[in-house]
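Positions in the sequence shown are counted from 1; adding 155 to them yields this note's numbering.
Even for Gly, the Cβ is constructed at its ideal location relative to N, Cα and C.
All figures in this text were calculated on a predicted structure; none of them were measured in a lab.
One structure below.
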Amino acid sequence: MSMTAAHAQSSVMLGGFLDEGIATYRDSGGSRLFQMQDSAIFPTKFFFRGSEDMGGGLRANFSLDSMISLSTGGLDPQSRGAMFENSSWVGLSQAGIGSFRLGRQNDFAFDYYLLGGIDPATGIAGGMLNFRTGSFGADLLGVSGPAQIAGAVSGGPFAPITSNGQITGLAAINWDRVGGKRMSNAVKVVSEEYAGLSVGLMYSFGGTAGDFNNGAGKSAAINFRNGETRAAVVYTEQNYAPVNNGHSGIANLLAGARTKYAHFTVSGMYSQARNTHTGARIYALAGGVGYDFSPAWNLGGAYTYENGNELLKNVTINQAALQLTYTLSRRTSLYAAGVFQRTNGAYAAEIGNIVANGNIQSVFQLGMMHRF
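Structure follows, in structure tokens:
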């Protein structure tokens with residue numbers, strides 16, 4: 156009599172993305188700033204990913220993801236001191252069916268628009284410097300006061316709020332969530348692709364005893380992929396404690412597509428943020444075109460228009476970006492990127508985390524990206 160033991164195959168990977176450069180900011184008020192700046196194009200981070208093959212197409216998976224600052228060597232300020240604030244989850248996947256995850260995770264705006272490259276900013280030109288932004292956050296949230304959101308820079312679009320505590324996880328350059336806004340205590344389910352289509356659902360428990368909806372979040376998506384063509388529609392809603400006692404918050408809607416033909420890449424998107432309690436709303440239209448001159452050289456340009464309703468003082472924002480990239484290898488590239496923004500004066504201009512002294516601002520950055 157013989158016995159055969161079946162051993163599951165496991166793998167653990169350390170990986171990451173590093174983006175560092177030198178930036179110069181100018182504005183219409185005459186201010187000028189030079190600084191080292193990381194995560195200008197893509198978030199600087201490292202991660203541990205693991206998978207166990209249990210046979211029959213069933214796998215156990217996990218991810219521990221940390222954002223860092225190359226400029227200081229510490230955790231990114233948005234991490235608020237948490238080592239794996241960027242994501243920490245465990246789950247199962249079954250071939251032919253889909254996957255589910257439990258833990259702290261990004262919603263589908265990050266998955267399909269940043270990682271999937273649908274966003275003209277990260278997919279074409281300007282990267283995170285070219286995200287939709289503006290210093291209108293107090294009016295969008297519908298509250299006022301001196302408190303600052305943890306992980307955001309004072310003066311950013313979500314900075315002034317009033318509460319006994321702080322809203323966490325809102326970045327100053329990221330009102331439509333593409334740059335990544337995590338949900339804690341979250342369950343995320345994604346189907347397998349069928350004819351290029353997949354759907355996803357996500358729910359974040361608020362964690363308030365006796366009040367199921369207080370601080371809760373939810374996200375849903377339909378995604379399509381066929382060769383070089385991608386499209387996705389994403390809806391996300393997150394409640395925050397200072398807004399209607401935690402029973403309301405910000406709802407985001409995104410719809411966009413990207414395709415590549417020969418040497419050209421084209422993408423476009425619509426995004427919206429709406430206060431579910433006050434009705435304050437802003438939307439953006441963005442488009443971009445990239446051209447590959449050779450396997451090494453790429454030039455991309457993108458344009459964004461933002462418009463807010465009367466509760467946001469009818470703000471309008473025009474933003475343009477240009478990026479030249481030279482690819483040294485599959486993992487390493489050099490870039491020169493510039494972004495220009497003009498508002499109608501209802502709010503100050505803001506690119507990245509830098510609020511302008513006036514309604515016009517520009518930034519130019521020379522940098523290097525490396526993936527490992």
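In this structure, Gly443 lies away from Pro198, with their beta-carbon atoms at least 8 Å apart.
If you ignore the 5 residues before and after Gly246, its C-beta comes within less than 7 Å of the C-beta of Asn216, Ser254, Phe255, Arg256, Leu257, all in its own chain and listed in chain order. Under the 8 Å Cβ criterion, the stretch 502-515 counts as touching the stretch 186-198, having at least three qualifying pairs. The stretch 328-347 makes contact with the stretch 261-276, as at least three CB pairs between them are under 8 Å.
The beta carbon of Ile273 lies closer than 8 Å to those of Tyr267, Arg385, Ala386, Ala387, Gly411, Ala412, Arg413, Ser422, Met424 in the same chain, with the five residues before and after it left out. By the C-beta criterion, the stretch 450-461 is judged to be in contact with the stretch 471-486, since at least 3 inter-stretch pairs fall below 8 Å. The stretch 205-220 makes no contact with the stretch 176-190, as fewer than three CB pairs between them are under 8 Å. In the structure shown, the three-state DSSP call for Leu409 is strand. For the 8 Å CB-CB criterion, Ile437 and Asn462 form a contact. Boundaries of the beta strand (DSSP E) around Ala475: 471-482. Taking C-beta atoms as the reference points, Ala457 and Ala476 count as a pair closer than 8 Å. Met283 carries a helical assignment under DSSP once its states are collapsed to helix, strand and coil. Rounded to the nearest whole angstrom, the C-alpha separation of Ala439 and Leu169 is 36 Å. At the C-beta level, Arg486 and Phe527 come within 8 Å of one another. Within 10 angstroms of the beta-carbon of Glu240 lie 16 or more other beta-carbons, which makes it buried.
Distances from the alpha-carbon of Asp294 to those of Glu465, His525, Ile279, Ile377 put Glu465 closest. Within the model, the alpha-carbon separation for His402 versus Thr391 is close to 15 Å. The alpha-carbon of Ala178 is positioned some 24 Å away from that of Leu270.
Cβ atoms of Gly370 and Ala396 come within 8 Å of each other, at about 6 Å. Along the stretch 330-357, the alpha helix (DSSP H) does not occur as any fully enclosed run of 4 or more residues. Secondary structure at Glu392: strand, using DSSP grouped into helix, strand and coil.
For Ala178, the enclosing beta strand (DSSP E) has its first and last residue at 164-182.
Put simply, of Gly455, Ser488, Thr431, Ser359 the residue whose alpha carbon is nearest the alpha carbon of Thr420 is Gly455.
Burial check for Thr288: the Cβ neighbour count within 10 Å reaches 16 or more, so the residue is buried. Looking only at Ala492, Asn473, Tyr490, the smallest Cα-Cα distance to Asn514 is reached by Asn473. Under the criterion of beta carbons closer than 8 Å, Gly229 and Phe201 do not qualify as touching, at roughly 13 Å. Between Leu409 and Phe291 a beta carbon distance of about 19 Å is seen, past the 8 Å cut, so the two are scored as non-contacting. DSSP places Leu225 outside both helix and strand once states are collapsed to three, so it counts as coil.
Taking a contact as a CB-CB distance under 8 Å, the pair Gln516 and Tyr180 counts as one, their CB atoms being some 7 Å apart. For the stretch 236-287, the continuous alpha helix (DSSP H) assignments of 4+ residues that do not extend past its boundaries occur at 275-278, in sequence order. Just measuring C-alpha positions, the residue of Gly278, Thr459, Ser248, Val398 sitting nearest Arg429 is Val398.
In this structure, DSSP gives Asp294 a helical state, which the three-state scheme calls helix. A buried status is given to Thr459, since no fewer than 16 other beta-carbon atoms sit within 10 Å of its beta-carbon.
Around the beta-carbon of Ile405, 16 or more other beta-carbon atoms lie within 10 Å, marking it buried. Ranking Lys343, Asn368, Gly351 by CA distance to the CA of Met357 puts Lys343 first. By the beta-carbon neighbour count (other beta carbons within 10 angstroms, threshold 16), Gly351 is exposed.
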